[in-house]
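Residue numbers (this note's numbering): 10 to 359.
By construction, the Cβ of each residue, glycine as well, lies at the ideal position given by its N, Cα and C atoms.
The block underneath contains the structure these notes are about, expressed in structure tokens.
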Ligand SMILES: *Cc1c(COP(=O)(O)O)cnc(C)c1O
Ligand code: SF4
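So this is what it looks like as structure tokens:
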């Protein structure tokens, strides 16, 4: 695939050019890469598919982080509904240009902390920015202004990043993050996993991914084989915010993953106008359970520029989670957390 046909924003072109999955050695059999190339990038096209007048959408062209949504995900949006909860997660609007007090490019103070794509904030676990690319652009993403060009542990850089982790024997868990680490093809992912597994002090490999939800074809046989061959504990954390994101294909992909890893979890972001009511979140938890996924975290919004319209106040969030607890068993209630820079873990909100 050429740079032009690959659905990446300009800010991660560098990753594209250096980690080129287009090398014949790295080409996979499945059609997920074709689906990724074929993702929707034109708001006009999305409007037409959803039978909405484009003018009603308040679309914006957002330099570097434009619309990107796989057709498999767009197909779950309701037609003729401007307020569809899946559409609101991906549609760039003019509202994003509004500055808001307390919002910044780097609300979690990560940009200075990352070293060659390795990031450690918490004792015992470290995170690897394995790529800057994602299968979808979530408008509320806290890494939407992350300096991926200089901070991606791609290809030639893995060694540097993993070298840093090799020097920290107290790190027992490595998290592959990004971007979305499953953007790497299976062959490249295997090489990365092999390199990770050569670090003797690691016990657990964790993968944070939105792929199985937005493009479930990514969960192909080769990926399942890869996961089953890992000798470390494997934890997969999905990212799904609304029950309408889970259709039969997603459910099937999740069940496959559940059978090939040690623990399958989900994290959500609490988003105003999308999932900020207990009924919706309980329904999400029930659908996750049916797909063998345990709800893990419910994150309060990280205050990155352009996302203030998604914010839910801490007091409202607490009410929502308390209401969930009265409607569902404890194992279906995720932990409400906020990330505060400098803290040694996510901070539970009670
Ligand atoms: C969220 C996060 C983790 C994982 O935290 P857990 O509470 O273990 O899920 C690890 N490293 C970084 C940098 C994080 O932001
Ligand atoms: S998939 Fe994750 S990293 Fe990528 S845009 Fe969405 S929230 Fe951000």
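Contact test: residue i Cβ vs ligand 2 heavy atom, cutoff 6 Å
{"i": "residue 189", "result": "yes"}
{"i": "residue 249", "result": "no"}
{"i": "residue 146", "result": "yes"}
{"i": "residue 80", "result": "no"}
{"i": "residue 219", "result": "yes"}
{"i": "residue 150", "result": "yes"}
{"i": "residue 68", "result": "no"}
{"i": "residue 270", "result": "no"}
Check: residue i C-beta below 6 Å from any heavy atom of ligand 1
{"i": "residue 177", "result": "no"}
C-alpha distance - residue i paired with residue j, whole-angstrom precision
{"i": "residue 262", "j": "residue 181", "result": "28 Å"}
{"i": "residue 246", "j": "residue 110", "result": "31 Å"}
{"i": "residue 287", "j": "residue 257", "result": "23 Å"}
{"i": "residue 330", "j": "residue 316", "result": "22 Å"}
{"i": "residue 222", "j": "residue 179", "result": "33 Å"}
{"i": "residue 105", "j": "residue 142", "result": "21 Å"}
{"i": "residue 293", "j": "residue 156", "result": "33 Å"}
{"i": "residue 135", "j": "residue 193", "result": "19 Å"}
{"i": "residue 103", "j": "residue 72", "result": "12 Å"}
{"i": "residue 377", "j": "residue 244", "result": "Nothing can be reported for residue 377: it is not among the residues displayed for the chain, which extend from 10 to 359."}
{"i": "residue 6", "j": "residue 75", "result": "Nothing can be reported for residue 6, as the shown portion of the chain is limited to 10 through 359."}
{"i": "residue 131", "j": "residue 349", "result": "12 Å"}
{"i": "residue 248", "j": "residue 302", "result": "11 Å"}
{"i": "residue 265", "j": "residue 255", "result": "14 Å"}
{"i": "residue 327", "j": "residue 308", "result": "12 Å"}
{"i": "residue 81", "j": "residue 284", "result": "20 Å"}
Cβ-based burial, residue i [other Cβ within 10 Å; buried from 16]
{"i": "residue 351", "result": "exposed"}
{"i": "residue 166", "result": "buried"}
{"i": "residue 277", "result": "buried"}
{"i": "residue 48", "result": "buried"}
{"i": "residue 251", "result": "buried"}
{"i": "residue 55", "result": "buried"}
{"i": "residue 25", "result": "The predicted model places residue 25 with a pLDDT of 38, which falls under 50 and marks its position as unreliable, so this point remains unresolved."}
{"i": "residue 63", "result": "exposed"}
{"i": "residue 40", "result": "exposed"}
{"i": "residue 119", "result": "buried"}
{"i": "residue 133", "result": "exposed"}
{"i": "residue 377", "result": "Any question about residue 377 goes unanswered here, given that the chain covers just 10 to 359."}
{"i": "residue 240", "result": "exposed"}
task: Pull every residue with its beta-carbon under 6 Å away from any heavy atom of ligand 1, and keep them in chain order.
output: 128, 130, 131, 134, 136, 184, 354, 355
query: What are the complete beta strand (DSSP E) segments, minimum 3 residues, inside the stretch 111–180?
result: 127–131, 134–138
message: Report the start-end ranges of each alpha helix (DSSP H) in the stretch 31–113 that is 4 residues or longer and not cut off at the edges.
response: 41–46, 52–58, 80–83, 94–99
- request: Please list the segments of the beta strand (DSSP E) lying wholly inside the stretch 178–232, counting only runs of 3 or more residues, in order along the chain.
  value: 182–186, 213–218
- prompt: Which whole runs of the alpha helix (DSSP H) in the stretch 253–313 are 4 residues long or more, in chain order?
  reply: 257–269, 287–299
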